[in-house]
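These notes concern the structure reproduced below.
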Amino acid sequence: MTSRNDEIQAGGGQTFHAYVSVPERPNGHAVVVVQEIFGVTPHIRDVADRYARDGYLAIAPDLFWRIEPGLSLSHSKEDMQRAFAVLAQFDEDLGVQDLRATLAHVRAQPGITGVGLVGMCLGGKLAYLAAARLPVDASVAFYGVGIEKHLGEAQALKHPLLMFFGGKDRYAPPPVRAQIEAATAGNPLAAVRVYEDADHGFYTRGTPEVIQSAHAQARAFLEQHLPHAGARP
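First residue of the sequence shown: 803, per the numbering used here; consecutive thereafter.
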């Protein structure tokens, strides 16, 4: 496994960067790893590396490039305040647009037959929106915050979507999860799974057992839905 930084065309002569983790033994699939509110942090790069070890070409785009390029914050009180200040300036529609550009960039790489998207926190919401708006083969949303504000798109989902939540997550409490489950119940493309004893951030900062379990389920979901060589016309 090796890593590099790619430059992605954003249109209008603008570009943004992405961390790329390159597998030693490619499986023909790629995963776009979508950041939390802290930027493309070591946690996010670790998730990308995790998928690269599984054989995926993994790419984590810098979605805050219009506000503060290269942002990587900790979970200290000061950095939390800074993260929320940056989030207040973030245009999620432009974020989805950047994910569209990232998908195009990834599909142009040699040997890629299927592309999935995995997002956490802010990235979880964007993964939900991507399943409704973008040409992604499958999306996995970990503890997406703010999905309940976009329930009108639930029946517009065009691609398989698996949503994970922690039972102790104050950012997605039971009433919010109930709204999401009710809104997506009629769509066979959507599924919700809850780790009852887990808190927000469990996919990057949870116990090893929970991380391993959630990753195995996410990987199985992607393998089920990503097309293999010869599957695309």
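By construction, the Cβ of each residue, glycine as well, lies at the ideal position given by its N, Cα and C atoms.
A quick note: this is a predicted structure, and the numbers were derived from the prediction, not measured.
{"query": "For L936, the nearest candidate out of A820, Y945, F967, L896 (CA to CA)", "result": "L896"}
{"query": "Among F966, P1029, Q1026, nearest to D999 - alpha-carbon criterion", "result": "F966"}
{"query": "Validate contact between the stretch 863 to 881 and the stretch 816 to 825 using beta carbons, cut 8 Å, 3 pairs", "result": "yes"}
{"query": "Completely contained beta strand (DSSP E) runs for the stretch 915 to 953, where each covers 3 or more residues", "result": "916 to 922, 940 to 944"}
{"query": "T904 (DSSP reduced to helix, strand or coil)", "result": "helix"}
{"query": "Burial state of E838, where buried means 16 or more other Cβ atoms lie within 10 Å", "result": "buried"}
{"query": "Coil, strand or helix - T986 by DSSP", "result": "helix"}
{"query": "Pick from Q811, R806, P975, N989 that is closest to R902, judged by C-alpha positions", "result": "Q811"}
{"query": "Whole-Å CB distance - V836 paired with V920, under 8 Å assumed", "result": "7 Å"}
{"query": "Proximity of D1001 and K970 at Cβ, strictly below 8 Å", "result": "yes"}
{"query": "Where M965 falls: helix, strand or coil (DSSP)", "result": "strand"}
{"query": "Same chain only: Cβ atoms within 7 Å of L905, ignoring 5 sequence neighbours per side", "result": "V834, V917, L936, P937, V938"}
{"query": "Cβ-Cβ distance between A943 and A929 below 8 Å", "result": "yes"}
{"query": "Cβ neighbour criterion (16 or more within 10 Å) applied to R852", "result": "buried"}
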